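**Student:** Before we start, here is the structure in question, set down as C-alpha cells.
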Amino acid sequence: MGDLRDLYQEVILEHSKAPRNYRELKNPDRKAEGFNPLCGDHFTVYLQMQGDTIQDVVFQGSGCAISKASASMMTQALKGKTRQDADDLFERFHSVVTGHGAANGGDAELGKLTVFSGVSEFPTRVKCATLAWHTLQAALAGKQDAVSTE
Amino acid sequence: MTTIARPPLDSGRTAVHEAHEVAPGFDVERVRADFPILREKARGHQLVYLDNAATSQKPKTVMDAIVRYYEHDNANIHRGVHYLSERATEEFEEARKSVQTFLHATRPSEIIFVRGATEGINLVAQTYGRVHVGAGDEVLITTMEHHSNIVPWQMLCDEKRATLRVAPINDKGELILEEFAKLLGPKTKIVSIGHVSNALGTVNPLAEIITMAHARNIPVLVDGAQAVPRVAVNVQELDCDFYVFSGHKTYGPTGIGILYGKSALLEAMPPYQGGGDMISSVTFEKTIYNKVPHKFEAGTPDMSGAVGLRAAIEYLNRLGMDNVAAYEHELLAYATEVVSAIPGVRLIGTAKQKAGVLSFVIEGIHPHDIGTILDQEGIAIRTGHHCAQPVMARFCVDATARASFGLYNTKEEIDALVRGIQKVQEVFA
C-alpha cells in the first residue's frame with residue numbers, strides 16, 4: 007500500500023478545495039449525470055461542442071477529494087480537444103489509475119493528470135478517480151440515463 | 034453443551050484497560066482474547082475494528098461450534114430416520130430454543146430461521162403484508178430506517194397501490210413522537226421501525242410506539258439488527274408483533290438471522306417460499322402446509338449457521354447482555370466526548386438515547402477520504418450513506434464517517450481513532 011501523500015498529492019488537494027470549471031452550463035449541447043452509489047458521489051458534466059471539438063466542459067456536484075480533483079483536472083485537460091482525443095486520454099488515464107500505465111506514471115501525453123498515478127495503490131479509490139470521466143463519456147455519447155460506477 | 038475454555042491471555046499485550054471501573058465483571062482483555070481476528074495487523078498497524086454495525090467479528094467458540102457441527106453432527110434435518118439426522122435436527126431445534134430464550138419469546142415455534150434481518154422483513158411484507166395491505170392502505174415507517182426496512186414496504190405498496198408513510202425525525206435524530214402519532218390512522222395496516230438506527234445510533238422509544246400502534250390495533254415490526262448485539266431484548270415485554278435480527282451482527286455467522294412473530298399472527302399468515310420442509314403433504318391438486326415455524330422454512334436451512342448463532346448467544350449470555358450494554362454505553366459516551374471535542378468535527382445523530390454508533394462529518398473533508406486515511410492507520414470504519422440515504426438527505430450530507438463499537442473495543446482504540454482523525458485533518462490542512 008502506497009503512502010498517503012502519493013494519493014493526496016498537493017495538486018489534488020488544491021483542486022479538490024478549489025475545483026476549476028465548477029459551474030453549470032445553462033444550455034449545454036450535452037450533459038450527463040454520474041453516481042457512485044457506494045459513497046454517494048454525484049457529478050453532472052456539461053459540454054459545449056463545436057463540431058467534434060469540446061469547446062467547453064464544466065461540472066458540478068459533490069464527492070470526495072479524489073473524485074472532485076479528477077473532475078476539475080479533467081475539464082482543464084479537455085478544453086479544445088476532440089472526442090477522439092478525449093477517448094485516448096481517458097484510456098491512458100484509466101491505465102495509470104489502475105496501475106497498468108507506463109512505469110512511474112511517465113506518460114507524457116497525460117501531462118498533469120499523472121498526479122493520479124498514486125490512486126493505483128488504493129484500489130477502492132479507482133472509481134472515485136474515474137467517475138467524472140465515465141460521466142463525460144456518457145455525455146459525449148448522448149446517453150440519457152445516469153451512469154453509475156456499479 | 035460443552036463449554037470451550039477461553040484461550041489464555043495474550044501476555045504480550047499490555048493490560049492497561051480500566052474496564053473494571055466501567056462495568057464490573059466485564060474484562061475487555063479477556064473478551065478480546067476470545068476473538069482471534071483482533072490480533073490481525075492492518076496496513077502494518079494493530080487492527081482497530083470500528084465497523085461493528087456492518088458486521089461483528091466472531092469469537093472462537095462460534096467457529097468451533099460450526100466446525101464441531103460439521104465434524105460430528107452434519108446431516109439433513111427433519112427427514113432422516115438415521116442417527117446423524119436426528120442429531121442435526123436436535124442441534125437445529127436447540128438453536129431455535131436458545132434464540133427463544135434470548136429474545137424471551139413465549140415458545141420456540143415463534144422463532145423462524147431466515148438469512149438475516151433483511152429477509153425477515155421481506156418475509157413479513159410478502160406474507161402478512163400481502164394479505165392485510167390493500168389499495169389505499171398505509172404502511173408507516175420512519176425517516177431513520179435502513180434501506181432494508183424501506184424497500185420491502187415500497188415494493189409491497191407499489192404492488193398493492195398502498196402508501197408508504199414516513200414519520201419524521203428531529204435535528205438530533207430522534208423520532209418526533211407527536212408526528213408519528215398523527216400518522217397512525219385507520220388506513221395504517223402495519224408499523225415497521227428500527228430498534229437502534231444503524232446510521233445515527235438512535236434508540237427508539239419502542240414501548241411508547243408500540244402502545245400507540247396497539248391502541249389502534251396496528252401490529253408493529255421491529256428491526257433489531259443493531260439492537261440485539263447491544264442491548265437485552267425482551268419481545269414479550271416490548272409486546273412487538275414481529276422482531277428481526279441478523280446473526281452476523283450479533284457475533285454469529287453470516288447467512289443466518291431470525292424472525293420472531295407472535296404465534297397467532299404467524300399461524301394466520303400464508304407461507305413465504307414453497308419447497309421441502311414447509312409442507313405436510315403434497316399432491317398435484319393440493320398441498321397442505323406444515324405447522325409454524327416450518328411453514329416459513331422452505332428448503333434445507335442454514336443448519337451450521339443456526340449452530341453458530343446458538344454459540345454466539347451462549348457467548349453473550351456468559352458475558353451478560355447487561356454487562357455488554359453497560360460497557361458499550363461507556364465506550365460510546367467516551368467516544369462522543371473525545372470525538373466531538375475535535376475542532377471541525379460534527380456528530381450526525383445526537384439523540385439522548387443512543388447505542389453503538391458514532392456518525393460524524395469533518396468540515397471540508399469528504400467521508401470517503403476520512404475512511405482511506407484512517408485505513409492507513411489500521412482503523413476500520415464505514416464511510417458512505419450506510420444504506421440509509423433518506424437519513425443523509427435529512428441531515429443534508431451525502432455521506433458520513435461512522436465508527437461503530439462492539440463489546441471488544443477499548444478506549445485506547447477510540448484514542449487511536451481520535452489521532453487518526455487529527456491525521457486526516459493534517460493531510461487536508
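The listed protein sequences derive, respectively, from chains A and B. In short: position in the first sequence from 1, add 6, done, that's the numbering used here. In short: position in the second sequence from 1, add 33, done, that's the numbering used here. Glycine included, each C-beta is placed from N, C-alpha and C at the ideal position. What you are looking at is a predicted structure, and each value in this text was computed from that prediction instead of being measured.
Per the DSSP calculation, E171 (chain B) is bridged to which residue(s)?
**Tutor:** Note: E171 (chain B) sits in a beta bridge opposite B:T196, B:T221.
**Student:** Between M177 (chain B) and chain A, is any beta-carbon pair separated by less than 8 angstroms?
**Tutor:** So no, M177 (chain B) is outside the interface.
**Student:** Relative to the C-alpha of T59 (chain A), which residue among A:R89, A:S78, A:G40, A:S76 is closest?
**Tutor:** Looking at the Cα atoms, A:R89 is the closest of the given residues.
**Student:** Which residues of chain B have a Cβ atom closer than 8 angstroms to the Cβ of L19 (chain A), listed in chain order?
**Tutor:** Correct list: V460, F461.
**Student:** Enumerate in chain order the residues of its own chain whose CB-to-CB distance from A147 (chain A) is below 7 angstroms, with the five nearest sequence positions on each side excluded.
**Tutor:** Nothing listed; no residue qualifies.
**Student:** Expressed to the nearest angstrom, what Euclidean distance is found between the alpha-carbon atoms of K193 (chain B) and V184 (chain B)?
**Tutor:** Distance between the alpha carbons of K193 (chain B) and V184 (chain B) is about 14 angstroms.
**Student:** Sort A:S68, A:E115, A:P129, A:E127 by Cα distance to R29 (chain A) and report the nearest one.
**Tutor:** Comparing Cα-Cα distances from R29 (chain A) to each of A:S68, A:E115, A:P129, A:E127, the minimum goes to A:S68.
**Student:** Which runs of the alpha helix (DSSP H) at least 4 residues long sit entirely within the stretch 69–128 of chain B? Give them in chain order.
**Tutor:** Correct list: 93–101.
**Student:** Check whether chain B comes within 8 angstroms of G57 (chain A), counting only Cβ atoms and requiring the distance to be less than that.
**Tutor:** False, the Cβ-Cβ gap to chain B never drops below 8 angstroms.
**Student:** Just mark R72 (chain B) as buried or exposed, buried being the case when its beta carbon has 16 or more other beta carbons within 10 Å.
**Tutor:** So R72 (chain B) ends up on the exposed side.
**Student:** Which value, in whole angstroms, describes the spacing of the CA atoms of I454 (chain B) and C420 (chain B)?
**Tutor:** Going from the Cα of I454 (chain B) to the Cα of C420 (chain B) covers about 23 angstroms.
**Student:** Just to confirm, are Q409 (chain B) and L44 (chain A) a CB contact at a threshold of 8 angstroms?
**Tutor:** Not a contact, by the Cβ cut-off of 8 angstroms.
**Student:** Is there a Cβ of chain A sitting closer than 8 angstroms to that of M425 (chain B), yes or no?
**Tutor:** Closer than 8 angstroms to some Cβ of chain A, the Cβ of M425 (chain B) qualifies, so yes.
**Student:** Using a threshold of 8 angstroms, state whether the C-beta atoms of L407 (chain B) and R435 (chain B) are closer than that.
**Tutor:** No, these two residues do not count as a Cβ contact at 8 angstroms.
**Student:** Taking just the CA atoms, how far does R163 (chain B) sit from A195 (chain B)?
**Tutor:** If you take the alpha carbons of A195 (chain B) and R163 (chain B), they lie about 11 angstroms apart.
**Student:** Take K222 (chain B) as the anchor and find which of B:W186, B:Q90, B:Y102 has the nearest alpha-carbon.
**Tutor:** Checked all of B:W186, B:Q90, B:Y102; the closest Cα to K222 (chain B) is B:W186.
**Student:** For Q386 (chain B), I'd like the list of residues in its chain whose CB is within less than 6 angstroms of its CB, leaving aside the five on either flank, ordered along the chain.
**Tutor:** Counting only Cβ-Cβ distances below 6 angstroms, and skipping sequence neighbours, we find V236.
**Student:** Would you decide whether H281 (chain B) is buried or exposed? Buried here means 16 or more other CB atoms lie within 10 Å of its CB.
**Tutor:** Label assigned to H281 (chain B): buried.
**Student:** Under 9 angstroms, CB to CB, which of the residues in the stretch 415–444 of chain B have a partner in chain A?
**Tutor:** Answer set for the stretch 415–444 of chain B: T416, G417, H418, Q422, M425, V430, D431, A432.
**Student:** Would you please state the rounded distance, in angstroms, between the beta carbons of Y82 (chain B) and A413 (chain B)? I believe it to be under 8 angstroms.
**Tutor:** Confirmed, Cβ separation roughly 5 angstroms.
**Student:** Identify each residue in the stretch 396–407 of chain B for which the Cβ-Cβ distance to at least one residue of chain A is less than 7 angstroms, and report them in chain order.
**Tutor:** From the stretch 396–407 of chain B, only H399, H401, D402, T405, I406 have a Cβ closer than 7 angstroms to chain A.
**Student:** Y97 (chain B) to E347 (chain B), Cα distance in whole Å?
**Tutor:** The identity of residue 97 (chain B) in the sequence shown is Asp, whereas the question assumes Tyr. Their backbone Cα atoms lie some 13 angstroms apart in a straight line.
**Student:** Note down, in chain order, each residue of its chain lying with its Cβ closer than 6 angstroms to the Cβ of S78 (chain A), except the 5 sequence neighbours on either side.
**Tutor:** Excluding positions up to five away in sequence, the list reads H21, P25, R26.
**Student:** Check whether the stretch 371–379 of chain B and the stretch 147–161 of chain B touch, using three or more Cβ-Cβ pairs below 8 angstroms as the test.
**Tutor:** Cβ pair count under 8 angstroms is below three, so no.
**Student:** Under the rule that 16 or more other beta-carbon atoms within 10 Å means buried, what is F128 (chain A), buried or exposed?
**Tutor:** By the neighbour-count rule (16 or more Cβ atoms within 10 Å), F128 (chain A) is buried.
**Student:** First and last residue of the beta strand (DSSP E) that includes T151 (chain B)?
**Tutor:** Where T151 (chain B) is concerned, there is no enclosing beta strand (DSSP E), although the alpha helix (DSSP H) it sits in stretches over 150–157.
**Student:** Determine the DSSP secondary structure at E39 (chain A), reduced to helix, strand or coil.
**Tutor:** Residue state, collapsed to three classes: strand.
**Student:** What residues match up with D62 (chain A) in a beta bridge as DSSP calls it?
**Tutor:** Answer by DSSP bridge pairing, in chain order: A:Q54.
**Student:** Could you please give me the residues that DSSP links to D47 (chain A) through a beta bridge?
**Tutor:** For D47 (chain A), which the question treats as bridged, DSSP gives the partners A:N42.
**Student:** Can you tell me whether Q458 (chain B) is buried or exposed, with buried defined as 16 or more other CB within 10 angstroms of its CB?
**Tutor:** It counts as buried.
**Student:** Sorted by chain position, which residues of the same chain lie with C-beta nearer than 8 angstroms to H165 (chain B)'s C-beta, five sequence neighbours on each side aside?
**Tutor:** So the list reads K222, I223, once near-sequence residues are dropped.
**Student:** Which residues does DSSP pair with G124 (chain A) in a beta bridge?
**Tutor:** Answer by DSSP bridge pairing: none, since G124 (chain A) is not bridged.
**Student:** Keeping to the same chain, check which residues put their C-beta closer than 8 angstroms to that of N85 (chain B); ignore five residues upstream and five downstream.
**Tutor:** Answer for N85 (chain B): P262, K282, G389, S437, F438, G439, N442, listed in chain order.
**Student:** If you draw a straight line from the alpha carbon of M177 (chain B) to that of E318 (chain B), how long is it in whole angstroms?
**Tutor:** Spanning the two alpha carbons is a distance of roughly 46 angstroms.
**Student:** Would you list, in sequence order, the uninterrupted alpha helix (DSSP H) runs of no fewer than 4 residues that lie entirely inside the stretch 218–274 of chain B?
**Tutor:** You should have 239–248, 268–271.
**Student:** Looking only at its chain, what residues have a beta carbon closer than 7 angstroms to the beta carbon of P34 (chain A), apart from the 5 residues adjacent to it on each side?
**Tutor:** Around P34 (chain A): Y52, L53, Q54.
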